[in-house]
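Shown next, in structure tokens, is the structure this report addresses.
Residue numbers (the UniProt record's numbering), protein chains in the order written: chain F, 1 to 185; chain A, 1 to 185.
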């Protein structure tokens, strides 16, 4: 992404943290999820203290899940091959808008960050990116699913915590922010 | 524990991290486990940067598991009720020696800490202490058990990560430090 203002400086031995960020499951793109928003805000308040801003570098990864049933696009009409390109471009813009939300938070806190988008199954892509980039720590927001929901909806944090070698920090939503149905995020 | 030298200062909005530390499963008391040693060293290097030492406070909890089969004490002879008191006192001293190892590491890094011992089942006591003390984050070393071992040996970090509300950081041993049998620690 193009940078307009100067980036915060980063120390050579900075801790590199990879944070996976998601879109809202209820409002869809470009709205950020509650769990990722809380995870980033918590990280910027409790982990990356003001005194050590230059000692951290955040990598923000968003995994875009290919829209399998196309319900989001139900009010679009595809008549020409170009329509598909346009839809594709729309998706990309919504993704970028989502990332902008998270990147802005880092910039406000004067913490250096890089953000990018990958496509695929969230848990597989996150593990692959951890393997590729070897961050010092993987940070994941968690919806706080119950045992049954974890079985059916599938807990990304559970899966990644077992698979990756690096330290994993899982940040659940505050109990008071938890909706009746924890899969709503 | 009595403090002899002045304690590092701590900011009012310091992040309070509870780190559960264990004894070696192979060498027994007072030897520290590989996984807890690595978890503390990692925390002091990667999370609590030199610039933000005063912004963190570490709580070091050791859970002493009651010795059920008494094999460790096979060379002791219990003849009078006082012998039991002595054995008890020996256990306590070994526990304190273990804690001293971890506390010394914090002091070397000039990070404020408090350490204490509780008795019981590690995972239950850790969850109870998190509930009681409400730290900002729970940090756990992990042996990196495989799925089968987790089922039989029981993963403390798995259990606690699901049970507690606060963010949980699980730090596995480095792959190169992993013994052939991951339950050895």
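From the three backbone atoms N, C-alpha and C, an ideal C-beta is built for every residue, glycine too.
Run through DSSP, which three-state label would residue i get?
i	result
residue 114 (chain A)	strand
residue 122 (chain F)	helix
residue 21 (chain F)	strand
residue 78 (chain A)	coil
residue 10 (chain F)	coil
residue 183 (chain F)	coil
residue 133 (chain F)	helix
residue 29 (chain F)	coil
residue 145 (chain A)	coil
Interface residues of chain F around residue i at Cβ under 7 angstroms?
i	result
residue 42 (chain A)	167
residue 179 (chain A)	Residues of chain F passing the Cβ test: none, with the nearest at roughly 15 angstroms.
Is it right to say residue i is buried, meaning 16 or more other beta carbons lie within 10 angstroms of its own, or is it exposed?
i	result
residue 148 (chain F)	exposed
residue 119 (chain A)	exposed
residue 55 (chain A)	buried
residue 132 (chain A)	exposed
residue 60 (chain F)	buried
residue 29 (chain A)	buried
residue 46 (chain F)	buried
residue 66 (chain F)	exposed
residue 6 (chain F)	exposed
residue 27 (chain A)	exposed
residue 37 (chain F)	buried
residue 48 (chain F)	buried
Let me check understanding here. Comparing Cα to Cα, which of the options lies closest to residue i?
i	options	result
residue 44 (chain F)	F:81, F:66, F:159, F:108	F:108
residue 41 (chain F)	F:116, F:106, F:114, F:24	F:106
residue 179 (chain F)	F:24, F:96, F:7, F:15	F:24
residue 57 (chain A)	A:158, A:183, A:103, A:124	A:103
residue 130 (chain A)	A:101, A:164, A:159	A:164
residue 175 (chain F)	F:46, F:145, F:47, F:124	F:145
residue 181 (chain A)	A:155, A:143, A:160, A:64	A:143
residue 94 (chain A)	A:62, A:9, A:172, A:81	A:62
residue 166 (chain F)	F:127, F:12, F:83, F:46	F:127
residue 99 (chain F)	F:7, F:11, F:51, F:19	F:19
residue 22 (chain A)	A:16, A:168, A:39	A:39
residue 168 (chain F)	F:184, F:26, F:110, F:135	F:135
residue 138 (chain A)	A:170, A:31, A:112, A:48	A:170
residue 88 (chain F)	F:185, F:162, F:113, F:64	F:64
residue 32 (chain F)	F:116, F:123, F:122, F:101	F:101
residue 159 (chain A)	A:121, A:91, A:85, A:15	A:121
residue 92 (chain F)	F:16, F:15, F:116	F:116
residue 10 (chain F)	F:114, F:155, F:141	F:114
residue 184 (chain F)	F:52, F:34, F:16	F:34
residue 8 (chain F)	F:162, F:111, F:84, F:157	F:111
Which two residues bound the contiguous beta strand (DSSP E) that contains residue i?
i	result
residue 63 (chain A)	56-64
residue 172 (chain A)	168-172
Residues of chain F with a CB under 8 angstroms from the CB of residue i: which are they?
i	result
residue 161 (chain A)	161, 170
residue 124 (chain A)	Simply none; closest approach about 18 angstroms.
Assuming residue i is part of the alpha helix (DSSP H), what are its boundary residues?
i	result
residue 40 (chain F)	34-42
residue 162 (chain F)	156-163
For a test of your reading of the model: does the CB of residue i fall under 7 angstroms from any non-hydrogen atom of the ligand GDP? Yes or no.
i	result
residue 13 (chain A)	Questions concerning the ligand GDP fall outside what the structure shown contains, since it holds no ligand whatsoever.
Using a cut-off of 9 angstroms between C-beta atoms, extract the partners of residue i located in chain A.
i	result
residue 185 (chain F)	Per Cβ cutoff of 9 angstroms: no residues; residue 185 (chain F) is ~17 angstroms from chain A at best.
Counting only Cβ pairs nearer than 7 angstroms, list the residues of chain A close to residue i.
i	result
residue 136 (chain F)	46
residue 175 (chain F)	165
Since residue i meets chain F, which of its residues come closer than 9 angstroms, beta carbon to beta carbon?
i	result
residue 55 (chain A)	49, 50, 51, 52
Anything in chain A within Cβ reach of residue i, meaning under 8 angstroms, just list it in chain order.
i	result
residue 15 (chain F)	46, 47, 49
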